[in-house]
Amino acid sequence: MSEISSLIKFRGQLKASVTRFLNFVTKENVDVNEVHVRKEKIEGIWSEYERIQSAIEETEGVEMNEQDKYREEFEDMFFKVVGIAKKLTEPVVNKKEAQPYHGIDEDRTCERNDRSIEMISDSKNNGRQISRPPIRLSALNVPTFSGEYNEWATFHDIFTSLIVNADLSPVEKFFYLRSVVTGDAQNCIRCVETTSNNYEIAWNKLNKRYSNKKVLVQTHVKSMFELEPVTSESSARLRQFTDALTSHMSALETLGHMPSNWGPLLVHLIVTKLDKNSRREWETNAPKEEVAPVEVIIEFLEARFKILEAIETCKNINNRQGAYKFNNHNKQFNERSSSLVIGNNKGCYICQAPHTIYKCPIFIALPVTERIKKVAEMKLCKLCLRQHAPKKCNGKNCFTCSKPHNTMLHLSNNSELRKSEAEKPSEDQEAVSAISVHVAANSSDQVLLSTAEVWVQNESGESQIGRVLLDSGSQCNFITESMAQILKLKKTRVQHTVLGIGGKSQYVKAAVVVTIRSRINNYSLTCSCLVVPKITNALPSVNIGGVCIVPSNIELADTSFKIPKKIDLLLGACHFFEILCKQKIKPTINGPIFQETQLGWVVSGLVTSKCTDNKPNNINCHTATLVDEDRSARLEIMVSKFWRTEEFEAAVPYTKKEKKCVDHFESTVNQKENGRFIVHLPLKNDANIKIGPSYEIAKRRFLALERRLQHYVKLKQDYTTFMIPASFLATACLRKISEQETSYLKACEAIRNDFYMDDFLSGAETIEEAIKLRDEVILIRKKAGMTLRKWSSNEPSIVSCMSDKENSNGCIFEEESITKILGLYWNANGDVLQYKVKEYNENTTISKRHILAETAAIFDPMGLVGPIIVQAKLIIQSLWRIRIGWDDPLPDHIRIEWVKYRKSLSMLNKLTIPRNIGGSQKLTNIQIHGFADASIKCYGACIFLRSTNEQGEHTAKLICAKSKVAPLKVISLPRLELCATLLLARLVSRIVPKLKLNIAKKYFWSDSKIALSWIASPSTKWKTFVAHRIGEIQELSKITDWSYVKSSENPADIISRGCDAEQISGMNLWWDGPEWLKNNTEDWPVTGKTSQNENIEMLPESKIIRNIALVATGEFILFERYSSLNKILRIAAYWLRFRDFLVKKSNASVGPLKPEDLERANVDRWRRIRQYSQILWKRWSHEYLNQLQVRKKWSVERGPTLGVGTIVLIRDENLKPLNWKLGRVLSLHHGEDGVTHTALVKTMTGEYNRAVRNLCPLPFNDNIG
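When you line the sequence shown up against UniProt numbering, it's residues 1 to 1265, in that order.
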């Protein structure tokens, strides 16, 4: 506490100083010069106050509200008094800014000028005195001196001439001296008080430090060697180089050295810094036998830039502005820009990305016909796919057909295969977008960005010094291509888009993993970076000079933060705040901030124009935002599943990693003595993985969590008593418990089947059985250290009799009787299910995204309110159909429809659905009744449980339902009805086994006679769409279980058309099914069982089978009429001509027969006979024989129509068809499932056992059907 007291006391002294100054400046007749001196002193108090206040706020136990209030009061007072002082000193300062650089009082000068008379002796005027008005010259300014040695001589001479030799008092001279020195020079005399006696001391001190001839000479020589090379043939660059060179030479001559005598050394230095063309020109004109004097090359440089200026002046102004960056050198400021790898070059015509249209994924993915339309719309050349003047294109013709179009526009029979040319990212590739900002502006102020020099390391440990830019406005990290190549980093393919202001974009295709290590400590960081050619221009954009006061006893992360250098890496927000530390220092009010980081102290903030000598500079703004480009696309795909035709579902097998996880659990799990399970951490056995020094970070975070839990006792208790493990570990440990326990079989079965994560939902027939099950489950889980909490039951006695100890642990729900179970609301008091929907907000902005979110908020996994939700699905589908954006405003008719629908949803809050669907009495018979129906908009299915008690009373209750909207591609209503029946079959196969009831019989109902006829017939008789679905329906159900029901008595008709929330509660057909389900079976309406339709050809979707019959006769009319083979061939040739005329017409031959006609007739005869025989056999074996082998596996009889005595052909693909054996079935062999698999067949050569699939029953009348 003594330390905090001393800090508060010191802070009070600082505030008292500010208060005294405020009282002084508010007095009347205040001395302005004294105000100026006091103002300089008071401004130094701010940094001290910031340091003291920060130290107080970082002390534990300090009330932050009081500190914030104190800080606000001090800041208000400080800035108020500084503002008053500035107003008082402004007139004096402005006056002094014009005076001191003349070295004389301006007022006195003006008076003398007004009274002065210029004496002009002229022969015409006979020596008369002529009075002329005085000429007022502009003020001579003394340049500011920042402490650079190469600026001292100029500053010394001008200041001596205008100030030292002027008629001014020492105090005034000292004041002017302070006003023109900055940086290191200002620090040199900072501690010298501004008095008359101290002026000579301060001036001599500056002379003694900066009049060091040796240092001055070394500075100028060093500057000559560091002159920026002339990289291009530019008059502006060459002139700047020459001027800088001659100025340094002149300065050295003033200091007593003669650089013109340095000869070969200086000439070689100059030549190496010239551009290629200038160097060639010099070598052409220079002496060939000896080294030219320095004066000669200086004259050459001056003549050279004059020639280049003359050439550039004659060029077109547009080309000149684009080619040269410094042609506007007479302006005070130049416009410069810095961007993150974004250019203005013309990119792809389709997506504007920086690649040609040949490599555009969007263009490649289009069908050829769409590509042709796109090229025509954009007026591109069909040969080169570019925009150019209407002249002959030099592009190459199509490589496929040699016609004048690009190969990508070639139409072929299988042109759609070109879609595979489009590059598609693999599943493990990322698809993100990086947005970078490009800013160009005019400014003379410079803002330092946080940079650091670090060690950049690859996976093999090789390191390289790199310069990193810290940017909190970026969501991703970047590395330059050059740095990635120097370190030989392994690249990973990615697909990112770099977007800039105005929508300019660029693709990034590679990423690397790199390790960054601090130069000053052991901190290291491993991160992923996107590879780009260039991150930004050199930072800072101009040389800052020696004006930044660097605090002592700190290590800079970037020691050359003042000098423009390239940036190798950019670290974004994901690591920016991780590397920041608490301390920061601001030595001067208008200077930058020094921030402590893990990489060292970084410098950031505003540097005024005085620091940059009013030089123009670049304004750089970098920000990068990760945007998943595929997110909207994936969302579109997910939503489209609402109305897409149902997919064939299949069990998803474990992936390789998941299987490895299961194996690891089984091999490492063990149970301690207290019953708790222990599983080893799944560590990767990869030697290349380097965790790095993360122990200290993990330890700090753990200790921080402990400190937090110590302050919040309730949070600590909850954290300690309820630690939820991973989902796999939870379920796997439950399975282990049930496998190890052998005493309580029913409880173990309940643990295996009735747990979802950590929620247990189960029941029993009687209260006694429920209590027994409860106790056994608690006992088994307690052995493993798992305690069940928050019990709830529709029978209060089941939970009320639990022990007080269990009650004290909050094991029973409190007064709230409504429990949320797996997303559904269950009211235990009434044993009913309920829904909770928020009231409609009139101020809500309605969009497609909002509608989807509102629809998804109604959690209805059992489909009990499916007729209501299907209306929302139809609204979403209509938005999908018009391709409206996720956040675009909706059309009026859809918006009105949604508002009406949404307001009615509040009626769901009043809906209660009984959970018990079997009744309270003992049941003697249980049946399942499923209904299916479809409309043009959607189709659905619902399942009812029909139960009969001992008194013979029948009840029917809805179990669940499911609906799907019709696909966007219009399909026929019979097909939709078939989809509904398939949906019903799948729903029954999934739900009924979970009920664990003794189901006496299943009934399937549909009001589509076409769909029922399809189901009753073999699937091979229908087209592919129908055949696939019929096959699955016949596997999931029996044909005899399907029956017809009237549409008015079909509950599924409600879900296929939808209804309002206000109507659903009163729809008995939906909740209880048709009325006749409550009657005895003999009282049901006579609908007839589903049977095969004899007129299959009359039904839609039937497969058309054409039979070919060939009749062979022993007579051939041509052989009877003609005995000459040549005559027969000529007749055949004419017949072929006639056939060609009928078929091809224009291509038919005319005139006398040609030799090739006779040859064709001779060859065609035998070839076609052979071809017809092959076609006949192929169709007979694949169509006719397959029909003989049709299995009615879903009929009552089960199995092929074979019997003892059936005449069959034994099919053998290895024999010729005429060699297949004919035999009679002697006996049939059945499997355990009752289906015939093999048969014993007797042939002429013996008896054989053959599979029934290779036996073809022949259609003899005496065969057994």
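Note that beta-carbon positions come from the ideal geometry of N, C-alpha and C, so glycine has one too.
Rounded C-alpha distance that separates residue i from residue j
{"i": "residue 676", "j": "residue 746", "result": "22 Å"}
{"i": "residue 53", "j": "residue 585", "result": "12 Å"}
{"i": "residue 926", "j": "residue 364", "result": "59 Å"}
{"i": "residue 859", "j": "residue 1040", "result": "36 Å"}
{"i": "residue 1013", "j": "residue 1102", "result": "11 Å"}
{"i": "residue 307", "j": "residue 287", "result": "21 Å"}
{"i": "residue 810", "j": "residue 790", "result": "Bear in mind that a pLDDT of 41 at residue 810, under 50, signals an unreliable position, so the number given afterwards is only what the model happens to contain. Roughly 6 Å separates the two Cα atoms."}
{"i": "residue 260", "j": "residue 518", "result": "46 Å"}
{"i": "residue 570", "j": "residue 655", "result": "36 Å"}
{"i": "residue 395", "j": "residue 383", "result": "6 Å"}
{"i": "residue 189", "j": "residue 513", "result": "50 Å"}
{"i": "residue 397", "j": "residue 386", "result": "14 Å"}
{"i": "residue 915", "j": "residue 832", "result": "5 Å"}
{"i": "residue 948", "j": "residue 1050", "result": "21 Å"}
{"i": "residue 1161", "j": "residue 1129", "result": "6 Å"}
For residue j and residue i, believed in contact at Cβ under 8 Å, the rounded distance
{"i": "residue 527", "j": "residue 575", "result": "6 Å"}
{"i": "residue 770", "j": "residue 751", "result": "Residue 770 to residue 751, Cβ: 15 Å. No contact."}
{"i": "residue 600", "j": "residue 555", "result": "5 Å"}
{"i": "residue 1210", "j": "residue 1254", "result": "6 Å"}
{"i": "residue 368", "j": "residue 411", "result": "5 Å"}
{"i": "residue 78", "j": "residue 25", "result": "The pair is not a contact, with the Cβ atoms about 12 Å apart (cut-off 8 Å)."}
{"i": "residue 524", "j": "residue 693", "result": "6 Å"}
{"i": "residue 828", "j": "residue 792", "result": "5 Å"}
Classification of residue i by the beta-carbon crowding that lies within 10 angstroms, buried from 16 upward
{"i": "residue 359", "result": "exposed"}
{"i": "residue 1018", "result": "buried"}
{"i": "residue 939", "result": "buried"}
{"i": "residue 1067", "result": "exposed"}
{"i": "residue 990", "result": "exposed"}
{"i": "residue 562", "result": "buried"}
{"i": "residue 46", "result": "buried"}
{"i": "residue 701", "result": "exposed"}
{"i": "residue 597", "result": "buried"}
{"i": "residue 1011", "result": "buried"}
{"i": "residue 282", "result": "buried"}
{"i": "residue 529", "result": "buried"}
{"i": "residue 21", "result": "buried"}
Distance CB(residue i)-CB(residue j) smaller than 7 Å
{"i": "residue 1073", "j": "residue 963", "result": "no"}
{"i": "residue 1037", "j": "residue 1004", "result": "yes"}
{"i": "residue 930", "j": "residue 955", "result": "no"}
{"i": "residue 965", "j": "residue 873", "result": "yes"}
{"i": "residue 1061", "j": "residue 908", "result": "yes"}
{"i": "residue 906", "j": "residue 839", "result": "yes"}
{"i": "residue 1303", "j": "residue 174", "result": "Residue 1303 lies beyond the residue range present for the chain, which begins at 1 and ends at 1265; the question has no answer from this structure."}
{"i": "residue 1053", "j": "residue 980", "result": "no"}
{"i": "residue 182", "j": "residue 146", "result": "yes"}
{"i": "residue 958", "j": "residue 826", "result": "no"}
{"i": "residue 1058", "j": "residue 871", "result": "yes"}
{"i": "residue 928", "j": "residue 992", "result": "yes"}
Chain C within 7 Å of residue i, Cβ atoms only
{"i": "residue 838", "result": "The chain inventory of the structure shown lacks chain C, comprising one protein chain alone."}
- Identify every run of the beta strand (DSSP E) within the segment 479-555, keeping only runs that are complete inside it and at least 3 residues long; order them along the chain. 492-499, 505-517, 524-532
- 3 or more residues per run - each beta strand (DSSP E) lying fully within the segment 937-964: 938-949
- What are the complete alpha helix (DSSP H) segments, minimum 4 residues, inside the segment 265-305? 276-285
- Message: At 4 residues or longer, what runs of the alpha helix (DSSP H) sit wholly inside the segment 828-905?
- Response: 848-856, 866-881, 892-904
- Message: Suppose only complete runs of 3+ residues qualify. What are the beta strand (DSSP E) ranges in the segment 741-796, listed by chain order?
- Response: none
- If you scan the segment 550-591 from start to end, which runs of the beta strand (DSSP E) of 3 or more residues do you find wholly inside it? 569-571, 580-585
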